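Before any comments, here is the structure.
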Amino acid sequence: MSDTTTRQASSPYGEAARQALWAALLSFGLFFFFIGLESTQDISNRLILQSHWVTLAIVVALVALGRFLFIAFVIPAVDRRRANRAPIAVVDEKDQSFIRRHRFKIMIALLVLYPIFILSTAGLQGSLKWVNNFGVQVLIYVMLAWGLNIVVGLAGLLDLGYVAFYAVGAYAYALLGTEFGLSFWILLPAAGIMAAFWGIILGFPVLRLRGDYLAIVTLAFGEIIRLVLINWREVTNGSAGISGIPKITFFGLFDFNISSPDYILKVLPESIVTLFALRPSGAYYTIFLYYLILALAMLTAFVTIRLRRLPVGRAWEALREDEIACRSLGINTTNTKLTAFAIGAMFGGFAGAFFAARQGFINPESFVFLQSAIILAIVVLGGMGSLSGIAIAALVMIGGMEILREMQFLKIVFGQSFTPELYRMLLFGIAMVVVMVWKPRGFVGSREPTAYLKEARAVSSTFTKEGHG
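In our numbering, the protein residues as written are 67 to 535.
Next up, the structure:
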């Protein structure tokens, strides 16, 4: 055994070549029927097999090359880095650099300036795609993940049905807005209250459940809500969904409908319109939605940070670490669980109301289990309990999937029939595997406790139990 280890250590290229060969054979067997052969129908409804051997060869070669580089260069570099790693020193905040001390303020400033930068580079109409897909879409998932983080990251309750609260908020706004014509600013808190109510309803049956059983019940709750939305046609219009959902106005002072007498360019003073050379466009509404969802996400982060420092937040963390010890300390675990479910669901309802107003149309297919899985994956990959890590994970995962739509140059390599966005979930899964192998506690694997003695120190992921943050 020692001779084999010594030989592999002295000659990593041979081992890398061997594993690259096995990876090529395995990928060839896996992708032969998925990439190499494509079944289509001709005009006579006959089944025809089309071969894509070049594409299959490229994929197999990429897998083999990646495995060779990983074994030959990446693993030795990581081992050398671990061997030369110095003990982690606690750096006082006043000794940190300016960027590190003010990193959160800098990030918020960059988020505020993002639409302005896009407008200056892509123009008014060209900014629609970048602000909407890479701004609004990512921030919706950031808000949802931060809401789920209260339940999963802080309280340690595995929730696989979080999309149900997202759906409740969306349908609450859609139904009340279309039937009674109420304003978004009135229905936003109503949607949050409705979602929080259903969070409490979910919390009562699962008070004695933990782990896998809790996950199964919350998964069933999410599916029950979706099936109710499909089958209660008299109220939800079933699978056809609800259309004509009213858009958001700026507190009733002006709106963004060009044909409306209260359109923003008609309300603003003529001098301002002339000074900035403003012209009618739908981009103003998209930019308005960006800043609105940014404000809602910042509200979610602010409330989460404040609650962590309150007794209820410390009770959540105690429940996450050890429920039995939590009970022995006299903490009411019933109220602790219910508050976690209710507050987390409330932010999901806020995001749902915004989603319905942004889309103008919703149906049950927007709230399938896959959405819950994506939100939970963002929380886990970012680091449970870490707001900044979750935001980074949402940017990488959701923004990365949107970037695939822009990679049309891949058609030059894989052919004109290749559609990059169809492979977004495959890359999403690969990214999850890679992150879990390299960073099993998420992007941010350490956390700073809310209660500390004399000075606060981040708890390294090395000292946290598997599955407990």
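Glycine included, each C-beta is placed from N, C-alpha and C at the ideal position. Remember, it's a predicted structure, so these values are computed and weren't measured experimentally.
- Counted as a single uninterrupted DSSP element, the stretch harbouring T315 is not any beta strand (DSSP E), since DSSP gives it neither H nor E.
- Residue burial annotation: Y79 is exposed, with fewer than 16 other C-beta atoms found within 10 angstroms of its C-beta.
- If one requires a minimum length of 3 residues, no beta strand (DSSP E) run lies completely within the segment 370 to 421.
- For the pair of segments examined, the segment 182 to 200 was found not to touch the segment 409 to 417: the number of CB pairs separated by less than 8 Å stays below three.
- F139 is classed as exposed because its beta carbon has fewer than 16 other beta carbons within 10 Å across all chains shown.
- Closest by C-alpha distance to D225, out of F94, F317, R276, is R276.
- For D321, the beta-bridge partners assigned by DSSP are Y329.
- In this structure, DSSP gives Q191 a helical state, which the three-state scheme calls helix.
- The count of Cβ pairs closer than 8 Å, one atom from the segment 249 to 258 and one from the segment 455 to 470, stays below three, leaving the stretches out of contact.
- Taken through DSSP and simplified to helix, strand or coil, T366 comes out as helix.
- Here S454 carries a helix assignment [DSSP, helix/strand/coil].
- By the neighbour-count definition (other C-beta atoms within 10 Å, threshold 16), W382 is a buried residue.
- With 16 or more neighbouring CB atoms inside 10 Å of its own CB, D321 falls in the buried class.
- The C-alpha of W264 is placed about 23 Å away from the C-alpha of I311.
- According to DSSP, E104 shares a beta bridge with Q116.
- Looking from the CA of R374, the closest CA among F342, F170, I409 belongs to I409.
- Boundaries of the alpha helix (DSSP H) harbouring S93: 78 to 97, taken from the DSSP string.
- In chain order, L177, L205 place their CB closer than 7 Å to the CB of L360, counting only its own chain and leaving out the 5 sequence neighbours on each side.
- Inter-segment contact for the segment 382 to 399 and the segment 348 to 366 is absent: fewer than three beta-carbon pairs are separated by less than 8 Å.
- Using a Cβ distance threshold of 8 Å, A188 and A130 do not count as a contacting pair.
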